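In what follows, a structure is listed as structure tokens, so that the remarks can point back to it.
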Amino acid sequence: MASPGSSGRCSSRSRVPEFRAGPSGGRGVPAVGLGTASARFMGEDDFRVVLLAALEVGYRHIDTASVYGSERVVGEGVADAVRRGVLKSREEVFVTTKVWCTQCHPDLVELNPVWQQKKLLEFCKEKGIHVTAYHPLGGKYKTSTVNPVMNSDVLKEIAEAKGKSVAQISLRWIYEQGASMLTTSTKRERLKENIEIFDWQLSDDDRLKISQIPQHKKVSVLSILCPDGVSSVELSEVDVVEA
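With the UniProt record's numbering, letter number 114 in the sequence shown gets 114, and the count goes up by one each step, no holes.
In structure tokens, the structure reads:
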């Protein structure tokens, strides 16, 4: 099954389905995008290789931000892909950037089977706000070598039964929540694997097991608070908008 509901449809430009945010529709957002936050830690030539590989295997959503320092090299990489014939035109690619404090959607939040954001997903659905997940595979932890998503016994069990990877189970679960997601890899085979999640689905039993996974948040608000802003005590009262 290629879509979790009427909000996703298969794009004619790629194999990746799209979501349309809000009641008025508008341009579709491909369900899996390439995150570029790691671009600032790579050489530009190395990043261009990753970007071209992602476009070649079917990615059509690229996420950027001014703080990543990736916007220029993404633009150059997309232009190069057009010249090479990988893309017919720039219009094939949905490029996301960040506009501070002026837009409320899409909402980019930490979301995966180990941090399921049930209240937030329900809130955004009611308000017509599309959710995009970062750290869909758990991300890298500075304080621990254990990734609770990739090392989840529940996800491993489901992956083995379905002949899929743990990463694919996590990404498919996010897709079935009606959210898009941002993932990245320097390995072509992983890039390809991460978008091969649309021609199968989780069972009701799979979803029940995932819903019972103990929750563990990776990103703490304490790491992003401004000393002159809202206190962590005040923020703890507002779990529905906790990112």
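Ideal Cβ positions, reconstructed from N, Cα and C, are used throughout, including at glycine. Note that the structure is a prediction, hence the values are computed from the model and not measured.
Residues of its chain near residue i, where Cβ-Cβ distance is below 8 Å and the 5 sequence neighbours each way are ignored
i, result
"Gly35", "Asp63, Tyr134, Leu182, Thr183 and Thr184"
"Glu196", "Gln168"
"Gly26", "Arg20"
"Glu157", "Lys209"
Alpha carbon of residue i to alpha carbon of residue j, nearest angstrom
i, j, result
"Arg205", "Asp153", "Going by the sequence as given, residue 205 is Asp instead of Arg. Rounded to the nearest angstrom, the two C-alpha atoms are 15 Å apart."
"Glu56", "Pro148", "31 Å"
"Cys124", "Asn112", "16 Å"
"Glu76", "Glu193", "25 Å"
"Phe198", "Lys209", "20 Å"
"Lys119", "Glu126", "11 Å"
"Gly163", "Glu110", "26 Å"
"Glu71", "Leu52", "15 Å"
"Lys217", "Asn151", "15 Å"
"Ala65", "Thr96", "8 Å"
"Gln212", "Ala37", "31 Å"
"Gln215", "Arg188", "31 Å"
"Gly33", "His61", "4 Å"
"Val190", "Val166", "Note that residue 190 is Arg in the sequence shown, not Val. Each residue's Cα considered, the two are about 12 Å apart."
"Trp200", "Leu171", "12 Å"
"His130", "Phe41", "29 Å"
"Arg207", "Thr186", "30 Å"
"Gly128", "Trp115", "21 Å"
"Ser89", "Arg15", "17 Å"
"Pro17", "Val146", "32 Å"
"Asp46", "Leu155", "32 Å"
"Ala159", "Thr132", "23 Å"
Contact test: residue i Cβ vs the ligand COA heavy atom, cutoff 6 Å
i, result
"Thr183", "Ligands displayed in this structure: none; no statement on the ligand COA is therefore possible."
Residue i and residue j closer than 7 Å at C-beta
i, j, result
"Glu91", "Val73", "no"
"Leu87", "Ala81", "yes"
"Val49", "Ser180", "no"
"Ala39", "Tyr68", "yes"
"Tyr175", "Ala31", "yes"
"Gln177", "Leu121", "yes"
Endpoints, alpha helix (DSSP H) assigned at residue i
i, result
"Val73", "Glu71 to Arg84"
"Phe19", "Where Phe19 is concerned, there is no enclosing alpha helix (DSSP H), although the beta strand (DSSP E) it sits in stretches over Pro17 to Phe19."
"Phe47", "Glu44 to Val57"
"Ile210", "Asp204 to Ser211"
"Arg192", "Reading off the sequence, residue 192 comes out as Lys, not Arg. That run of the alpha helix (DSSP H) goes Arg188 to Asn194."
Residues near residue i in its chain [Cβ-Cβ closer than 7 Å; skip 5 each side]
i, result
"Gln103", "With a pLDDT of only 47 at Gln103, under 50, the local geometry of the prediction cannot be trusted, and the value read off the model is given with reservation. Within the same chain, Gln103 has no close Cβ partners at all."
"Gln117", "Val109 and Leu111"
"Leu202", "Arg172, Trp173 and Glu176"
"Val93", "Arg60, Ile62, Val78 and Leu87"
Close-in-space but distant-in-sequence residues of the same chain around residue i (CB under 6 Å, 5 per side omitted)
i, result
"Trp173", "Pro113 and Ile210"
"Lys98", "Ala65"
"Arg84", "none"
The beta strand (DSSP E) enclosing residue i, as first and last residue numbers
i, result
"Leu34", "Val32 to Gly35"
"His61", "His61 to Asp63"
"Phe94", "Phe94 to Thr96"
Output the residue ranges of the alpha helix (DSSP H) runs that lie fully inside the stretch 113-184 and measure 4 residues or longer, sorted by chain position. 118-127, 153-162 and 166-176, all fully within the stretch 113-184.
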